[in-house]
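Each remark here refers to the structure printed beneath this line.
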Amino acid sequence: MSEDKTSPDRNRESNIDSAAMQDADMQSIHSPQLKRERKEPHERQSPIPISLLTLISLLAFWGGYYFSNYSQDFRWDAYDPYAKGGLGEVVVEEKTLAEIGARVFRGQCVACHQNSGLGVAGAFPPLVNSEWVLGDEERLARILINGLNGEIAVLGDTYNGNMPAFGPHGLNLKPKQIAAVLTYIRQTWGNNAPEVTVEALEGYHAAYGSRTEPWTAEELLADFPMK
Amino acid sequence: MSDSTSIKLDTVIPYTTNDPSLRAELSEIDRSIRSASIFFTASAVGWLLLGTVFALIAAYKLHEPGFAVGSEYSTFGRMRAAHLNSVALGFGNNMIFGVCLWIMARLCRAPIRHGGLLLIAGAFWNIGLTVGIAGIIKGDITSVEWLEIPRYATPLLAISYVLVGIWGVMAFRFRKGEHVYVSQWYFLAALFWFPWLYVIAQIMIIWAPAQGVVQSITNWWFAHNVLGLWLTPMALGVAYYLIPKVLGRPIYSYYLSVLGFWSLALFYNWAGVHHLIGGPVPVWLISAGIVASVMMVIPVVVVAINHHMTVVGLHREGWRSPTIRFVVFGAINYTFVSLIGSAMALRDVNLVTHFTHFTVGHAHHGAYGFFGMILFGGVYYMMPRLLQREWPSAGLIKIHFWGSALGILLMVFALQIGGWIQGLQMNNPEIAFLDIVQNTMPWLKARTVSGLLLLVAHLAFALNFFWMLLAPGKTNSKDAPTLLNVKEEGAAQ
Numbered sequence: 005m006s007e008d009k010t011s012p013d014r015n016r017e018s019n020i021d022s023a024a025m026q027d028a029d030m031q032s033i034h035s036p037q038l039k040r041e042r043k044e045p046h047e048r049q050s051p052i053p054i055s056l057l058t059l060i061s062l063l064a065f066w067g068g069y070y071f072s073n074y075s076q077d078f079r080w081d082a083y084d085p086y087a088k089g090g091l092g093e094v095v096v097e098e099k100t101l102a103e104i105g106a107r108v109f110r111g112q113c114v115a116c117h118q119n120s121g122l123g124v125a126g127a128f129p130p131l132v133n134s135e136w137v138l139g140d141e142e143r144l145a146r147i148l149i150n151g152l153n154g155e156i157a158v159l160g161d162t163y164n165g166n167m168p169a170f171g172p173h174g175l176n177l178k179p180k181q182i183a184a185v186l187t188y189i190r191q192t193w194g195n196n197a198p199e200v201t202v203e204a205l206e207g208y209h210a211a212y213g214s215r216t217e218p219w220t221a222e223e224l225l226a227d228f229p230m231k
Numbered sequence: 004m005s006d007s008t009s010i011k012l013d014t015v016i017p018y019t020t021n022d023p024s025l026r027a028e029l030s031e032i033d034r035s036i037r038s039a040s041i042f043f044t045a046s047a048v049g050w051l052l053l054g055t056v057f058a059l060i061a062a063y064k065l066h067e068p069g070f071a072v073g074s075e076y077s078t079f080g081r082m083r084a085a086h087l088n089s090v091a092l093g094f095g096n097n098m099i100f101g102v103c104l105w106i107m108a109r110l111c112r113a114p115i116r117h118g119g120l121l122l123i124a125g126a127f128w129n130i131g132l133t134v135g136i137a138g139i140i141k142g143d144i145t146s147v148e149w150l151e152i153p154r155y156a157t158p159l160l161a162i163s164y165v166l167v168g169i170w171g172v173m174a175f176r177f178r179k180g181e182h183v184y185v186s187q188w189y190f191l192a193a194l195f196w197f198p199w200l201y202v203i204a205q206i207m208i209i210w211a212p213a214q215g216v217v218q219s220i221t222n223w224w225f226a227h228n229v230l231g232l233w234l235t236p237m238a239l240g241v242a243y244y245l246i247p248k249v250l251g252r253p254i255y256s257y258y259l260s261v262l263g264f265w266s267l268a269l270f271y272n273w274a275g276v277h278h279l280i281g282g283p284v285p286v287w288l289i290s291a292g293i294v295a296s297v298m299m300v301i302p303v304v305v306v307a308i309n310h311h312m313t314v315v316g317l318h319r320e321g322w323r324s325p326t327i328r329f330v331v332f333g334a335i336n337y338t339f340v341s342l343i344g345s346a347m348a349l350r351d352v353n354l355v356t357h358f359t360h361f362t363v364g365h366a367h368h369g370a371y372g373f374f375g376m377i378l379f380g381g382v383y384y385m386m387p388r389l390l391q392r393e394w395p396s397a398g399l400i401k402i403h404f405w406g407s408a409l410g411i412l413l414m415v416f417a418l419q420i421g422g423w424i425q426g427l428q429m430n431n432p433e434i435a436f437l438d439i440v441q442n443t444m445p446w447l448k449a450r451t452v453s454g455l456l457l458l459v460a461h462l463a464f465a466l467n468f469f470w471m472l473l474a475p476g477k478t479n480s481k482d483a484p485t486l487l488n489v490k491e492e493g494a495a496q
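From first to last, the protein sequence lines stand for chains P and L. Position 225 of the first sequence, counting from 1, maps to 229 under the numbering used here, and the rest follow consecutively. Position 491 of the second sequence, counting from 1, maps to 494 under the numbering used here, and the rest follow consecutively.
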């Protein structure tokens, strides 16, 4: 074995080593800790037990079986190991503008204008029956895109407007999301005004998106007076 | 050790005493790595104590949520991460650097060159880790499990690891002799696996994050492989060295060694994705992970047979040797923890154990019951050789062993029984979630008790270690190895 082959070398090396050795080293090679140590480890050549080979074969067989049954043909879009025959055509559900808008409303608007759309008396104006909501859609789109500051009269009450911008200089909603939320507030709580299309909103977006200042009620009424 | 007590073992294999040239060689190697190995081991002991304290705070908070709520520094999230990084990278890696590099040098029969530089590289590892864990406690923790250390500390860790790792590779490069022993395979492979895992995970998750679920896949590929391709091969390498070395018997089968090593290398890398069963990951990838996890039975059974056949018949000698007592306890736990792990990867079992304390028990079972215990055994064997002194107190070693052994077993039983019940209840929609949380309380309290046992064990270990290191007069005068249960016949160290 290799131990025997290498031992002459080892003796030669050790002679060189011991020639250069100092007292401390002599002491350390006679240390009891080293003296009682056993030989560096080596291995016997016992064969692999046949029962172990059987176990390995069984595991390999199981692995192949499992993998071929639950890998769904390596599809990137298959997530269910038990599904039969893959997923088939992926059906993307089309949502209406009002449905998308309901979601945007719950995320962005509900804190001030409330779930009921009635706002908070003295602080946030109502959307229900409001002439600002039901009236000219371009006027309404401007408020959403750029925000609104200053006094505003809604249904006979005056509010100190502080509406944030949702356009590119504000919370940066997409035209589709703004069109959806406008449609939603114009057609909920008994409101009944025509929907605001995505195309129309894209136009407004292009027209007012670069403006950084919020609107005032006076400016809006100057361009689009109440009917 | 007197000759009369060891006649029986002498007939198995001769002492090195018969070969002064071999002794001279070993003595030169030991001297070349002495200061670095002692530094690493001492650091490991320090991190172990610190990590245990973090762990106890976190464990206690789980059933007493009002404890230590005055400051944001001691919140559960930070304490848990501080614990994990202290014990995995502080205790685990320092132990590996200390013990495995020493064994590597001995097996390569090549003295370590420039041991002083190795010491400096190791110092930077500990500095980087201190900065990282302070960062975690300060609030700069990342949101990624197992990679919580903030990004200003990780480059230092990566660089100092590479510098330390180079010494292991260089020892191998300049080895003498033709035969490469199984421990060397494991050490050399792991020295390359760890930097690969760490750097890839850092890049794909922290520095240039991959999109979507690829990040999660990378995360669990990394986290699971730190255990499987870093801690596991290192601990197996240590066991493969110490068992034949202390008992004076060759390893049972070279062929089993080969089979065990290559099947680990082949299968482990795939196994990590079983952490994402039920997640939005393509199902073939999960299934591949499950198959690989079950295939891990092969290396585990192979290593178990190889170790068992080597130890068989020498149990009494093993029980008396502090080294073998720890190593055999760790090796037995390797078998159990791995078989449980393979079972946990099966979809039907995972349905119960996922998101429960069962997994936490499993992680401690592997990292402590297996890896930690074997490396403790390594320290008990290494230190007398490096210092040429004996361990001062057999009593403290016994406290260490029983505290660790009973502590980890109590922890595994508490978390896995409690976790299994928790999992069954969570799958039952009739049971309110808060009731389930309430039901875990007794198990979590048992876990805190187990942590206290481990703390006692670690204090005994630290006391014995620093006593040996700093008070040579007392320990130099001993003329026999520190063994356990010396009144019985037979001896081994």
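Backbone N, C-alpha and C define an ideal beta-carbon position, used for all residues, glycine too.
**Prompt:** Any residues in the region 290-301 of chain L with a beta carbon nearer than 9 Å to a beta carbon of chain P? Which ones, in chain order?
**Reply:** Ser290, Ala291, Ile293, Val294, Ala295, Val297, Met298, Val300, Ile301
**Asked** In three-state DSSP terms, what is Leu159(P)?
**Response** Against the first sequence, residue 159(P) aligns to sequence position 155. Correct three-state label for Leu159(P): coil.
**Prompt:** Contact between the region 238-246 of chain L and the region 275-295 of chain L: three or more CB pairs below 8 Å?
**Reply:** no
**Request:** Hey, could you find the ends of the alpha helix (DSSP H) Ser74(L) is sitting in?
**Result:** Position 71 of the second sequence, counted from the start, is the residue given in the question as residue 74(L). Per DSSP, Ser74(L) belongs to no alpha helix (DSSP H) and is neither H nor E.
**Prompt:** Going along chain L, which residues have a C-beta under 8 Å from Ile60(P)?
**Reply:** Within the first sequence, numbered from 1, the residue matching residue 60(P) stands at position 56. Within chain L, the residues whose beta carbon sits less than 8 Å from that of Ile60(P) are Ile301, listed in sequence order.
**Item:** Pairwise C-alpha distance: Trp287(L) and Trp105(L)
**Value:** As a working note, residue 105(L) is residue 102 in the second sequence. As a working note, residue 287(L) is residue 284 in the second sequence. Between Trp105(L) and Trp287(L), the C-alpha separation is close to 42 Å.
**Prompt:** Quick one: does Pro484(L) have its CB under 8 Å from some CB of chain P?
**Reply:** By one-based count along the second sequence, residue 484(L) stands at place 481. Closer than 8 Å to some Cβ of chain P, the Cβ of Pro484(L) qualifies, so yes.
**Item:** Below-8 Å beta-carbon distance, Phe78(P) vs any chain L residue
**Value:** For the purposes of this step, residue 78(P) is identified with residue 74 of the first sequence, where counting begins at 1. It does; some Cβ of chain L falls within 8 Å.
**Request:** State the beta-bridge partners of Gln49(P) as determined by DSSP.
**Result:** Sequence index remark: in the first sequence, residue 49(P) carries index 45 (1-based). Answer is Ser256(L), bridged to Gln49(P).
**Request:** Please name the residue in Arg109(L), Phe70(L), Ser89(L) whose C-alpha comes closest to that of Leu389(L).
**Result:** Here the question's residue 389(L) lines up with position 386 in the second sequence. For the residues Arg109(L), Phe70(L), Ser89(L), the minimum Cα distance to Leu389(L) belongs to Arg109(L).
**Request:** Verify the CB distance criterion: does Phe71(P) have a CB-CB separation below 8 Å to chain L?
**Result:** On the first sequence, position 67 is the one that residue 71(P) refers to. Judged by the 8 Å Cβ criterion, Phe71(P) is in contact with chain L.
**Prompt:** Taking only beta-carbon atoms, is Val306(L) less than 8 Å away from chain P?
**Reply:** By one-based count along the second sequence, residue 306(L) stands at place 303. It does not: the Cβ of Val306(L) has no partner Cβ on chain P nearer than 8 Å.
**Message:** Taking a contact to mean a Cβ-Cβ separation below 8 Å, would you say Pro187(P) touches Glu203(P) in this structure?
**Reply:** Counted from its first residue, the first sequence places residue 187(P) at position 183. Counted from its first residue, the first sequence places residue 203(P) at position 199. Per the sequence presented here, residue 187(P) reads as Thr, with Pro not at that position. Contact: no.
**Request:** Check the Cβ-Cβ distances between Pro23(L) and every residue of chain P, and say whether any is below 8 Å.
**Result:** Taking the first residue of the second sequence as 1, we reach residue 23(L) at position 20. Taking Cβ atoms only, chain P reaches closer than 8 Å to Pro23(L), which makes this a yes.
**Message:** Taking CB distances under 8 Å as the criterion, tell me whether Ile54(P) reaches chain L.
**Reply:** In the first sequence, the residue the question calls residue 54(P) occupies position 50. Output row for Ile54(P): interface = no.
**Item:** Limits of the alpha helix (DSSP H) - the one that Glu203(P) falls within
**Value:** Within the first sequence, the letter at position 199 stands for residue 203(P). Taken as a continuous stretch (DSSP letters only), the alpha helix (DSSP H) holding Glu203(P) covers 202-212.
**Message:** Quick check: the Cα distance between Val108(P) and Asn195(P), rounded to an integer number of angstroms?
**Reply:** Working through the first sequence from its first residue, we reach residue 108(P) at position 104. Working through the first sequence from its first residue, we reach residue 195(P) at position 191. Whole-angstrom Cα-Cα distance: 18 Å.
**Item:** Of the residues Gly111(P), Asn153(P), Glu142(P), the one placed nearest Pro129(P), counting alpha carbons only
**Value:** Within the first sequence, residue 129(P) is the residue found at index 125, counting from 1. Here the closest residue by C-alpha is Asn153(P).
**Message:** Going by C-alpha to C-alpha distance, which of Val158(P), Asn133(P), Asp227(P) sits closest to Thr192(P)?
**Reply:** As a first step, residue 192(P) must be located in the first sequence, where it is residue number 188. Taking only the C-alpha atoms, the option nearest Thr192(P) is Asn133(P).
**Message:** So, for Arg154(L): in the same chain, excluding its five sequence neighbours on each side, which residues have a beta-carbon less than 6 Å away from its beta-carbon?
**Reply:** As a working note, residue 154(L) is residue 151 in the second sequence. Cβ within range, chain order: Ile209.
**Asked** Helix, strand or coil: how does DSSP classify Leu487(L) here?
**Response** By one-based count along the second sequence, residue 487(L) stands at place 484. Three-state result, Leu487(L): coil.
**Request:** Locate the alpha helix (DSSP H) running through Ser219(L), then write down its first and last residues.
**Result:** Within the second sequence, the letter at position 216 stands for residue 219(L). Run containing Ser219(L): 216-229, per the alpha helix (DSSP H) assignment.
**Request:** Flag Tyr74(P) as yes if its beta-carbon sits less than 8 Å from any beta-carbon of chain L, otherwise no.
**Result:** What you label residue 74(P) is simply residue 70 of the first sequence in a count that begins at 1. Tyr74(P) counts as touching chain L.
**Message:** If I follow the unbroken alpha helix (DSSP H) through His365(L), where does it start and stop?
**Reply:** Counting from one through the second sequence, the residue named residue 365(L) turns up at place 362. Here the alpha helix (DSSP H) through His365(L) covers 360-367.
**Endpoints, the alpha helix (DSSP H) within which Met312(L) is located** = To locate residue 312(L), count along the second sequence from 1; it is residue 309. Per DSSP, the continuous alpha helix (DSSP H) segment holding Met312(L) begins and ends at 300-314.
**Message:** Run through chain L and tell me which residues come within less than 7 Å of Glu155(P), C-beta to C-beta.
**Reply:** The count along the first sequence starts at 1 and reaches residue 155(P) at position 151. What Glu155(P) touches in chain L: nothing, since even the nearest Cβ is about 44 Å away.
**Message:** Would you say Gln218(L) lies against chain P (beta-carbon separation less than 8 Å)?
**Reply:** Position 215 of the second sequence, counting from 1, holds the residue named residue 218(L). By this cut-off, Gln218(L) is not an interface position.
**Prompt:** Cα separation between Met167(P) and Pro212(L)?
**Reply:** On the first sequence, position 163 is the one that residue 167(P) refers to. On the second sequence, position 209 is the one that residue 212(L) refers to. Whole-angstrom Cα-Cα distance: 36 Å.
**Asked** Curious, which full-length alpha helix (DSSP H) runs of at least 4 residues does the region 403-477 of chain L contain?
**Response** 436-442, 444-473
**Prompt:** If contact means a Cβ-Cβ distance below 8 Å, which residues of the region 258-280 of chain L contact chain P?
**Reply:** Tyr258, Leu259, Ser260, Leu262
**Request:** Put Met230(P) into one of helix, strand or coil per three-state DSSP.
**Result:** Residue 230(P) sits at position 226 when you count from the first residue of the first sequence. Three-state DSSP puts Met230(P) in coil, outside helix and strand.
**Item:** Gly344(L): contacting residues in chain P (beta-carbon distance under 8 Å)
**Value:** For the purposes of this step, residue 344(L) is taken as residue 341 along the second sequence, with counting starting at 1. Under the 8 Å cutoff, chain P gives no residues; its nearest Cβ is about 15 Å from Gly344(L).
**Request:** Flag Lys448(L) as yes if its beta-carbon sits less than 8 Å from any beta-carbon of chain P, otherwise no.
**Result:** Mapped onto the second sequence, residue 448(L) falls at position 445. It does not: the Cβ of Lys448(L) has no partner Cβ on chain P nearer than 8 Å.
**Which listed residue (His365(L), Ser341(L), Phe339(L), Gly251(L)) has its alpha carbon closest to that of His318(L)** = Sequence index remark: in the second sequence, residue 318(L) carries index 315 (1-based). Closest option to His318(L), Cα to Cα, is Gly251(L).
**Asked** Which residues share a DSSP beta bridge with Val124(P)?
**Response** Here residue 124(P) refers to the residue found at position 120 when the first sequence is read from its first residue. Phe128(P).
**Item:** Beta-carbon gap between Gly54(L) and Val90(L) smaller than 8 Å
**Value:** Numbered from 1 along the second sequence, position 51 holds the residue referred to as residue 54(L). Numbered from 1 along the second sequence, position 87 holds the residue referred to as residue 90(L). Val90(L) is positioned such that its CB atom lies closer than 8 Å to that of Gly54(L).
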